[in-house]
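Peer 1: Read left to right, the sequence shown gives residues 116 to 478 (this note's numbering). In this text, a Cβ means the ideal position worked out from N, Cα and C, and glycines have one as well. Below: one structure in structure tokens.
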Amino acid sequence: MTDRDTSKSGTETQRFSQRPVLVTGAAGFIGYHVSKRLLAAGYQVVGLDNVNAYYDPLLKEARLGLLEASKSFRFYRGDIADKQVIHDLFAAERPGLVVHLAAQAGVRYSIENPQAYADTNLLGFLNILEACRQGDVQHLVYASSSSVYGANTRVPFSTQQNVDHPISLYAATKKANELMAHSYAAIHGIPVTGVRFFTVYGPWGRPDMAMFLFTEAIAAGRPISVFNYGKMRRDFTYIDDIVEGVYRVLLKPAAPDPNWTGDDPDPSSSKAPSRVYNIGNNSPVELLYLIELLEQNLGCKAERILLPMQPGDVPATLADISELERDVGFRPHTPIEVGVERFVRWWLEYRGLTVGGIRNVLQ
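Shown next, in the form of structure tokens:
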């Protein structure tokens, strides 16, 4: 593991700083933190987000407010599924690098609202690819997901494994993104890199995810639904580690693999400038242990409702991050105990609470 470097080298400045970096989904959890990281490194950042109501827009607006305090940040409110919006933004800003994080998220929501995933994750991504092709973008880094491993049960999950058996529409759209990006790399020579995120958590996180949901419910004295009877194991990855991985990958554009052969095709690389990496903590924990940590940090006990697995869920995730470490010199390293403490501390501040006065305020 190498130390985090918040500065840019002279070579990086020459190659990448002449044109801004576009971050789609900039008002989202990961998009906000990636934008902050790029701004801290001295980049001009252009953010795009439709600030929809999938979860509380006020949280998204609060993130945006912090980003807009920087003179190096410009924000566009619009939908990636709108081809004209994307065309106009690329024409006005001419981004040199693109970090595409805008997506319709959520495994369970995709079962109830499949059209939203086709519109945003498929059509929207096509609009981004076309704009990158026409705009001579130097590198496109896009968000994939650990959910693409689907029915795979062999862990750790490796990018060299076949991922042709998704068990949710959300996962299917993320696998489709990887295939779409590879086709553009093969046909048009656009360097593209997919990053498969593993259960991201941390300050300014998403309210629809377990960490946030459990925290709110435990603090308010409400019961929490714990699926797979608490035996679910997740490779919880702290947001700072996700962001550092994205940042380092972004500054290393994908290149053709001279050793790749169609006789024995490696899914993780290609003869086109296309790569895929896992970004995960490589240290999964059971949901029951996560709940214990939340209880310790909140100072109150959880009422647990133990339930069977839900459709679309997988029992365990674990990332093989050897290729990320080999190629960009970084591996996530924040222990779950440290990350949960930081998240709860942020959540208390965000809600204007203290540990001692939690329930009286929320009930």
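Across the stretch 357 to 369 and the stretch 301 to 312, are there enough close Cβ pairs to call them in contact, namely three or more that are closer than 8 Å?
Peer 2: Result yes; three or more Cβ-Cβ pairs closer than 8 Å.
Peer 1: Go to N292, then tell me how far its alpha helix (DSSP H) extends in each direction, as first and last residue.
Peer 2: Where N292 is concerned, the enclosing alpha helix (DSSP H) stretches over L284 to H303.
Peer 1: Go ahead and pull the three-state DSSP assignment for R134.
Peer 2: R134 falls in the coil class under three-state DSSP.
Peer 1: Once DSSP output is grouped into helix, strand and coil, what is the label at G162?
Peer 2: The answer is strand: DSSP assigns G162 an E or B state.
Peer 1: Could you please give the first and the last residue of the uninterrupted alpha helix (DSSP H) stretch that includes I226?
Peer 2: Unbroken alpha helix (DSSP H) run through I226: V222 to E227.
Peer 1: Quick check on V200: does DSSP put it in helix, strand or coil?
Peer 2: It is helical.
Peer 1: Quick check on this structure: which residue in S185, I201 and F342 has the alpha carbon closest to the alpha carbon of M424?
Peer 2: Per the Cα distances, F342.
Peer 1: Can you tell me where the alpha helix (DSSP H) with S437 in it begins and where it stops?
Peer 2: Unbroken alpha helix (DSSP H) run through S437: S437 to V443.
Peer 1: Using the Cα positions of D435 and T274, report the straight-line distance between them to the nearest angstrom.
Peer 2: Distance between the alpha carbons of D435 and T274: 8 Å.
Peer 1: At the level of alpha carbons, what is the spacing between S122 and A325?
Peer 2: At S122, the pLDDT of 42 sits below 50, so the modelled position is not reliable; the number obtained from the coordinates is stated separately. Approximately 34 Å between the Cα atoms of the pair.
Peer 1: Straight-line CA distance for G377 to K386?
Peer 2: Approximately 9 Å between the Cα atoms of the pair.
Peer 1: R248 and Y191 - do their beta-carbons sit closer together than 8 Å?
Peer 2: Going by C-beta atoms, Y191 is not nearer than 8 Å to R248.
Peer 1: Could you check where the alpha helix (DSSP H) with R337 kicks off and where it finishes?
Peer 2: Taken as a continuous stretch (DSSP letters only), R337 belongs to no alpha helix (DSSP H), as it is neither H nor E.
Peer 1: So the candidates are A417, I305 and L174; which of them puts its Cα closest to the Cα of S340?
Peer 2: Taking only the C-alpha atoms, the option nearest S340 is A417.
Peer 1: Taking the Cβ atom as the reference point for each residue, do H148 and I354 lie within a distance shorter than 8 Å?
Peer 2: Yes, Cβ-Cβ distance for H148 and I354 is below 8 Å.
Peer 1: Going by Cα to Cα distance, which pick from R348, Q411, A206 and E438 is closest to T268?
Peer 2: Of the listed residues, the one whose Cα sits closest to T268 is R348.
Peer 1: I195 and I243 look like a contact to me (Cβ under 8 Å); what is the Cβ gap, rounded to whole Å?
Peer 2: Indeed they touch by this definition, with Cβ atoms about 6 Å apart.
Peer 1: Between E227, G336 and S398, which has its C-alpha nearest T352's C-alpha?
Peer 2: Residue S398 is the option with its Cα nearest to T352.
Peer 1: Leaving out the 5 sequence neighbours to the left and right, which residues in its chain are closer than 7 Å to V476 when beta-carbon positions are compared?
Peer 2: In this predicted model, V476 has a pLDDT of only 47, less than 50, meaning its place in the structure is not dependable; the value taken from the coordinates is given anyway. Only L468 meet the Cβ criterion.
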